[in-house]
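Colleague:
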Amino acid sequence: MLREGQFVDLPAIVNLYRQLTTEMATLAPDTYRPLTTDNRQYFADYLQNDLARLFVTESNGKLTGFALVVLAQTGASPEFVPQHFAQLIDLFVIRDQRHRGLAKQLMAAVESFAKSHQAAFIQLNVLSANKTAREVYVKAGFQPVNLILQKPLN
């Protein structure tokens, strides 16, 4: 079942986020580390923000995934085209629930939210090493726009 997240979900969302950061740390250990603190307030702030939505998937009373999306706009700058868009901050589905369409459901909720607020597009960041996530996003219609390159100096 897909629904909007609630304050009562915060402990479970924090647990899901810990799993996400653990996977990110495995894929990019020079950039990420597993979260060890309780970042419940981080998600609580988004739950109180009218410009954000936290969607969750649930099965048998247990949260199986989440997506956090925030409306944003480019700053007033002469070199950038003004844009009103949605930023997908995080999307995660627990490992044993993957390949069941949950990410697709979460993406549909994010897209519906973005469209209902007249966003021109949805933007996200994904680790280049996260092949599975990149495939999910390509299937959902995302295309590369910018590329961040990094050169290690050691």
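According to the UniProt record's numbering, the stretch in the sequence shown is residues 1 to 154, in order.
Think of the CB as a built atom: it goes at the ideal place given N, C-alpha and C, for glycine as much as any other residue.
On a predicted model such as this, the values are computed, not experimentally measured, just so you know.
#1: Excluding the 5 residues preceding and the 5 following Q11 in the sequence, name in chain order all residues of the same chain whose CB lies nearer than 8 Å to its CB.
#2: Is the distance from the Cβ of M24 to the Cβ of Y32 below 8 Å?
#3: Output the boundary residues of the alpha helix (DSSP H) element that contains V70.
#4: What are the boundary residues of the beta strand (DSSP E) that includes I122?
#5: Using a 10 Å radius around the Cβ and a threshold of 16 neighbouring Cβ atoms, would you call I148 buried or exposed?
#6: Pull up the distance between the alpha-carbon of L20 and that of S112, whole angstroms please.
#7: Return helix, strand or coil for D30, following the three-state DSSP convention.
#8: May I ask you to report which of helix, strand or coil DSSP gives I94?
#9: Count the other CB atoms, across all protein chains shown, that sit within 10 Å of the CB of V8; report buried if there are 16 or more and exposed otherwise.
#10: Who pairs with V56 in a beta bridge, going by DSSP?
Modeller: The structure says:
#1: A quick correction: the sequence has Pro, not Gln, at residue 11. So the qualifying residues of the chain are R40.
#2: At the C-beta level, M24 and Y32 come within 8 Å of one another.
#3: For V70, no alpha helix (DSSP H) run applies; the uninterrupted beta strand (DSSP E) run containing it begins and ends at 62-73, by DSSP.
#4: I122 -> beta strand (DSSP E) spans 122-124.
#5: When all chains shown are included, I148 counts as exposed.
#6: Straight-line Cα distance between these residues: approximately 24 Å.
#7: Reduced to three states, the DSSP call for D30 is coil.
#8: Collapsing the DSSP output to three states places I94 in coil.
#9: Burial check for V8: the Cβ neighbour count within 10 Å stays below 16, so the residue is exposed.
#10: Beta-bridge partners of V56 (DSSP): R3, F66.
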